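Participant:
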Amino acid sequence: DAGITQSPRHKVTETGTPVTLRCHQTENHRYMYWYRQDPGHGLRLIHYSYGVKDTDKGEVSDGYSVSRSKTEDFLLTLESATSSQTSVYFCATGTGPGGNEQFFGPGTRLTVL
Amino acid sequence: ELKVEQNPLFLSMQEGKNYTIYCNYSTTSDRLYWYRQDPGKSLESLFVLLSNGAVKQEGRLMASLDTKARLSTLHITAAVHDLSATYFCAVDFAAGNNRKLIWGLGTSLAVNP
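See below:
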């Protein structure tokens, strides 16, 4: 069984609608991360969590919020989607703080029309 | 400024040839990771380099870390088509009590028959 899953895997939505992406892990890793990947920009950190109910901003957090109510789940919400948020979103987990090895989920391709 | 630079960003090579991908970083770190990403897929951890002089090998790939030069190399020996992918390096940076991974932009490798 995959240790990290993301849902949905693909989504098309319209500008202005809220969108929630889910990351679920069975690894019991304390740290979880949301990244976006765009051509020419590599991976950029949106938000991360260092424990249940403990979250912090990454480098591109504007327009995004997160929640983590239990170890296994980390939710990313686009409060009002914009076309600039069209991207591939990856969830990652880690056993130690941000500078440790991270393990990635399969990704969610989001298109905002 | 924390920067991780990979070069080249694009590499087209023939099967059977050798080549090296470089990862330079801007400030002190002794932990570096290499990941592989196939088109449309997630990131897979390849190598974890945790100290100066660390060398890891897996098949036709060998990674090394020189913390004094702030440089890691990913050497490809006798390339085969299956190595075609994008390769990312990520460097662990500590800032006060925080640690984070800073990612290179990736090297897109195409191995041609």
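Residue numbers (the working numbering), protein chains in the order written: chain A, 3 to 115; chain B, 121 to 233. Beta carbons are placed, not taken as given, at the ideal position from N, Cα and C, and that holds for glycine. Quick caveat, the model's predicted, so the values are computed rather than measured.
By the DSSP assignment, the beta strand (DSSP E) with A/R46 in it spans what residues?
Facilitator: Element bounds for A/R46: 44-53.
Participant: May I ask you to verify whether the segment 136-151 of chain B touches the segment 205-216 of chain B, counting CB pairs closer than 8 Å and requiring at least 3?
Facilitator: Contact holds: three or more Cβ-Cβ distances are below 8 Å.
Participant: Smallest Cα separation from B/R180: which of B/S204, B/F130, B/T227, B/D158?
Facilitator: Closest option to B/R180, Cα to Cα, is B/S204.
Participant: Under 8 Å, do A/L47 and A/Q39 count as touching if we go by C-beta distance?
Facilitator: Not in contact: A/L47 and A/Q39 (Cβ atoms no closer than 8 Å).
Participant: Which ranges does the beta strand (DSSP E) cover as unbroken runs of at least 3 residues, wholly within the segment 121-149 of chain B, from first to last along the chain?
Facilitator: For the segment 121-149 of chain B, whole beta strand (DSSP E) runs of length 3 or above, ordered along the chain, are 124-127, 130-134, 139-145.
Participant: Quick one: measure Cβ to Cβ for B/L194 and B/L169, integer angstroms, because I've assumed they're closer than 8 Å.
Facilitator: Their Cβ separation, rounded to whole angstroms, is 10 Å, which puts B/L194 and B/L169 out of contact at 8 Å.
Participant: From the DSSP output, read off the bridge partner residues of B/N218.
Facilitator: In DSSP, B/N218 forms a bridge with B/A215.
Participant: Count the other CB atoms, across all protein chains shown, that sit within 10 Å of the CB of A/V14; report buried if there are 16 or more and exposed otherwise.
Facilitator: With fewer than 16 Cβ atoms within 10 Å of its Cβ, A/V14 is classed as exposed.
Participant: Below 7 Å on C-beta distance, what does A/G109 contact in chain B?
Facilitator: The contacting residues are S162.
Participant: Go through its chain and collect everything with a Cβ distance to A/N102's Cβ below 7 Å, but skip five positions before and after it.
Facilitator: So the list reads G96, once near-sequence residues are dropped.
Participant: Using 8 Å as the Cβ pair cut-off and three pairs as the minimum, do the segment 73-84 of chain A and the segment 13-33 of chain A touch?
Facilitator: Yes: at least three Cβ pairs fall under 8 Å.
Participant: Is the Cβ of B/A205 closer than 8 Å to any Cβ of chain A?
Facilitator: It does not; no Cβ of chain A falls within 8 Å.
Participant: Along the beta strand (DSSP E) that carries B/K161, what are the first and last residues, could you check?
Facilitator: B/K161 -> no beta strand (DSSP E), and no H or E assigned at all.
Participant: If the cut is a Cβ gap below 7 Å, which residues of chain A does B/T229 touch?
Facilitator: This sequence places Leu at residue 229 of chain B; Thr is not what is there. None at all; the shortest Cβ gap to chain A is about 15 Å.
Participant: Please list the partners that A/E29 has in chain B, where partner means a Cβ-to-Cβ separation under 9 Å.
Facilitator: Those do not exist, as A/E29 stays about 13 Å from chain B at its closest Cβ, beyond 9 Å.
Participant: If you drop the 5 nearest sequence neighbours on each side, which residues of the same chain put their C-beta closer than 7 Å to that of A/S89?
Facilitator: Correct list, in chain order: R38, Q39, D40, L112.
Participant: Does A/P10 get closer than 8 Å to chain B when you measure Cβ to Cβ?
Facilitator: So no, A/P10 is outside the interface.
Participant: Suppose you measure from the CA of B/Y142 to the CA of B/P128; what does that come to, to the nearest Å?
Facilitator: Cα to Cα, the separation comes out at about 7 Å.
Participant: Residues of the segment 146-174 of chain B in Cβ contact with chain A at a cutoff of 7 Å, in chain order, please.
Facilitator: Per Cβ criterion, the list reads R151, Y153, S162, L163, S165, V168.
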